[in-house]
Amino acid sequence: MTKNNIHDWNVLIVEKRDYPMLTPQEFQVKSRTLLGAAMKAKRLIKKEYTGWLIHRIWWLKPDRSNRD
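Following this line, the structure appears as structure tokens:
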């Protein structure tokens, strides 16, 4: 992974982390780093999903089988 590559990151957000957990929402952001992806996700959550929390973020491998 080089510094100049921009990667796709999957973000899973939830309204609360307690039981019962409601249906999570999932979206993708593009960023070079995990920190950048988290910052972009927080900005999007602030605009569209007020009060929601990031549950997980993971990198989407560029050569995975179901790309596109």
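Mapping the sequence shown onto my numbering, position 54 (from 1) lands on 55, and the numbers just tick up by one. Glycine included, every Cβ here is placed at the ideal spot set by N, Cα and C. Remember, it's a predicted structure, so these values are computed and weren't measured experimentally.
Alpha-carbon to alpha-carbon, residue j and residue i
i          : j          : result
residue 8  : residue 28 : 14 Å
residue 23 : residue 17 : 8 Å
residue 21 : residue 41 : 27 Å
residue 30 : residue 12 : 8 Å
Which residues DSSP lists as bridging residue i, in chain order
i         : result
residue 9 : 31
Anticipated Cβ contact below 8 Å, residue i with residue j, distance rounded
i          : j          : result
residue 39 : residue 58 : 6 Å
residue 10 : residue 61 : 7 Å
**Request:** May I have a chain-ordered list of the alpha helix (DSSP H) segments no shorter than 4 residues that lie completely inside the segment 12-61?
**Result:** Counting only runs of 4 or more, we get 35-49.
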